[in-house]
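Chains as they are written, first to last, in the working numbering: chain A, 552 to 768; chain B, 4 to 302.
C-beta: ideal position from N, C-alpha, C; glycine also.
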């Protein structure tokens, strides 16, 4: 259960991007957050994933108030979230091959022994062939890279998935494949989903509930 | 049938394009090749000549003092009859050692400070950058003189002096790079994936800034060599019996006034040519690393 209560957040003092926004995500639920560009959806998604400290308001994860953000947040709270960003190119370390990219959270949390097993499970689930896994980000397409980023988000088996315009820069077939991979994961684990975007049709078909930004403020 | 029509004159746009074209590229390639050959010759000379040539660079021969260049002494002799070619090679060895050691030390310190300031942010960033500003506000030769004055003359005080006054630019470059990288989504993904601050710095940030830091180090080598020579020329660097390019020029400046040009010319050339060659190679590397910078330079 993830609760965002009266969140106010931004990047400069006295000029918040998000003002007094509340949102609740029940276990296993999927919420689509619609809104125009620049309204603050991504900032709210970053607050929800504990990547951005809000100026006011509170975040509750399974009833426990979150007191610290980013590195300062306890590791089990941080890794409860799997985040997929809009621009795969910017969200992949350019030095790491796709295997390294997907395995990085396992290495960071001291679970390197699970790498071969998890890669073998996730690569076919997101549609990555073995020859792609050895390539570096500049050697694959945006769609292939976004598949690897989704696999990275799923590798620690998060309880909440935050997809920030995950399919915005992809063709329809890749978008459909990624959405299917997310739904397969949710069906298997019961994870909740916060999908941010401006494609009303996609979010309505994908999520149990869609909310427009204006309804939150 | 022949065509006698004159070739159309190149438009200003074409001329501008040609100045970036093959001629320009071949000049650059020649510069890089020449620099590479000179740097290789310098490194081979300082590494191989002292062990292979069993001659004493300190051997005094008062009967042959201030001899002009000849077959026996290609660079002539100094005011106590020592062979200047041998002294120049030994001097270059010391100057290059000081330059490389100071550049590496300055780069390590600058990278550590810049990475800590950029990665940690907040009060750590503000405090470290004020330290950088404080060091920058003092003329660095003056600060270098202050540092060497605290120690007995020797190689390592000069290395420390040059390093302590030259880490500031590297710290600023690395901090700026880390600040720009820190806001990238792949760092957010690493944080979300459970990476500690240390892991983010070592695994994601430092490898990304290393090419910049290495370039800064190479660009610093010639500068550090000149700094060592300046300190030694002022009598504050290496002791006069240790051959460095600075001490050679310093001890020879009296003979220059008496009309003997060789004791200052050859150490001067040994300082200028290798430092220009290193700077030429570093410049070519920078052009490869920052193509946009190259195009700005060509305008």
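Coil, strand or helix - residue i by DSSP
i, result
"residue 615 (chain A)", "strand"
"residue 656 (chain A)", "helix"
"residue 143 (chain B)", "helix"
"residue 609 (chain A)", "strand"
"residue 4 (chain B)", "Residue placement at residue 4 (chain B) is poorly supported in this model, since its pLDDT is 38, which falls under 50; the coordinates still yield a value, given next. In the structure shown, residue 4 (chain B) sits in coil (DSSP, three-state: anything other than H, G, I, E or B)."
"residue 104 (chain B)", "helix"
"residue 138 (chain B)", "helix"
"residue 121 (chain B)", "helix"
"residue 98 (chain B)", "helix"
"residue 264 (chain B)", "coil"
"residue 253 (chain B)", "helix"
"residue 273 (chain B)", "helix"
"residue 720 (chain A)", "coil"
"residue 40 (chain B)", "helix"
"residue 154 (chain B)", "coil"
"residue 110 (chain B)", "helix"
"residue 69 (chain B)", "coil"
"residue 627 (chain A)", "helix"
N-terminal and C-terminal residue of the alpha helix (DSSP H) that residue i is part of
i, result
"residue 682 (chain A)", "681-684"
"residue 756 (chain A)", "751-757"
"residue 698 (chain A)", "693-705"
"residue 188 (chain B)", "188-195"
"residue 675 (chain A)", "666-677"
"residue 228 (chain B)", "209-236"
"residue 737 (chain A)", "723-740"
"residue 598 (chain A)", "592-599"
"residue 175 (chain B)", "171-185"
DSSP beta-bridge partners of residue i
i, result
"residue 746 (chain A)", "A:583, A:714"
"residue 244 (chain B)", "Paired residue(s): none; residue 244 (chain B) is not in a bridge."
"residue 632 (chain A)", "A:711"
"residue 561 (chain A)", "A:567"
"residue 574 (chain A)", "A:555"
"residue 622 (chain A)", "DSSP output for residue 622 (chain A) lists no bridge partner at all."
"residue 80 (chain B)", "B:86"
Cβ neighbours of residue i in the same chain (closer than 6 Å, five flanking residues each side left out)
i, result
"residue 171 (chain B)", "135, 138, 139"
"residue 283 (chain B)", "34, 38"
"residue 113 (chain B)", "170, 173, 174"
"residue 760 (chain A)", "582"
"residue 608 (chain A)", "556, 557, 558, 559"
"residue 242 (chain B)", "156"
"residue 624 (chain A)", "601"
Option in the options with minimal Cα separation from residue i
i, options, result
"residue 70 (chain B)", "B:255, B:240, B:132, B:114", "B:255"
"residue 634 (chain A)", "A:580, A:710, A:569", "A:710"
"residue 698 (chain A)", "A:599, A:650, A:582", "A:650"
"residue 158 (chain B)", "B:104, B:67, B:56", "B:104"
"residue 110 (chain B)", "B:167, B:68, B:120, B:125", "B:167"
"residue 228 (chain B)", "B:73, B:94, B:66", "B:94"
"residue 125 (chain B)", "B:182, B:199, B:147, B:44", "B:182"
"residue 639 (chain A)", "A:747, A:707, A:742, A:715", "A:715"
"residue 195 (chain B)", "A:742, A:764, A:655", "A:655"
"residue 266 (chain B)", "B:286, B:84, B:234", "B:84"
Boundaries (first-last residue) of the beta strand (DSSP E) holding residue i
i, result
"residue 761 (chain A)", "760-763"
Same chain, Cβ closer than 8 Å to residue i, five either side skipped, listed in chain order
i, result
"residue 18 (chain B)", "Because the pLDDT at residue 18 (chain B) is just 49, under 50, the model does not fix this residue reliably, and the point stays unresolved."
"residue 209 (chain B)", "114, 118"
"residue 154 (chain B)", "160, 163"
Close Cβ partners of residue i (< 7 Å) along its chain, the five nearest in sequence each way excluded
i, result
"residue 644 (chain A)", "652"
"residue 590 (chain A)", "764"
"residue 666 (chain A)", "654, 657"
beta-carbon residue i near the ligand SAM non-hydrogen atom, thresh 6 Å
i, result
"residue 564 (chain A)", "Among the components modelled here there is no ligand, and therefore nothing to report on the ligand SAM."
Interface flag, residue i vs chain C, CB-CB below 7 Å
i, result
"residue 643 (chain A)", "Within the model displayed, chain C is absent; protein chains A and B are what it includes."
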